[in-house]
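Under numbering that gives the first Met the number 0, the first residue of the sequence shown is numbered 0, with each subsequent residue one higher.
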Amino acid sequence: MEAPFEVIEHTADVGIIAYGRSLEELFANAAAGMMHFLIDPAVVRPAEQRTMTVEADDREGLLINWLNDLLVLLNADGFVPVRFTVREMKDTTLRADVAGEPVAPGRHAFKLDVKAATYHSLEIGKNEVWHARIIFDV
């Protein structure tokens, strides 16, 4: 399989193409790709674990809601997620374990302010592996 994700160019915003051998791995790699824009994962300790449940009307909405819920976890709850394990997944729901730690201002230097994962140019598909193209509003 290719790298878990690659950064793509997009006018005024940022984007990734995430990859995975399964949908669960795809969603976990999409989360890691989004966090790549926010912070260096090497400075975040996976000391605490949180369980998240996300719902949506369809698979595309599930991916967007998952990523945006992670941004809420960071921005509203002050928790920096760094490891992502999707435990259960259906077309409209997922349950995942997220490991990370509370924001430590002296140690966590944020790179970009990602405001949201968007539906703009969103694609989810499968060739040899699953792939998703995601654009983030910054």
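Just so it is clear, CB atoms sit at the ideal spot from N, CA and C, and this is done for glycine as well. Keep in mind the model is a prediction, meaning the values are calculated, not measured.
Same chain, Cβ closer than 8 Å to Leu-121, five either side skipped, listed in chain order: Glu-59, Leu-62, Ile-63, Ala-131, Arg-132, Ile-133, Ile-134
Reduced DSSP secondary structure (H/G/I, E/B, other) of Val-42: helix
Cβ neighbour criterion (16 or more within 10 Å) applied to Gly-19: buried
Closest Cα partner of Pro-80 within the set Thr-92, Thr-91, Trp-65: Trp-65
8 Å Cβ cutoff met for Leu-72 and Phe-78: yes
DSSP-derived helix/strand/coil call for Asp-68: helix
Closest by C-alpha distance to Gly-74, when choosing among Arg-86, Thr-91, Ile-38: Reading off the sequence shown, one finds Asn at residue 74, where the question assumed Gly. The option with the nearest alpha carbon to Asn-74 is Ile-38.
Rounded separation between Val-102 and Ala-116 - CA only: 21 Å
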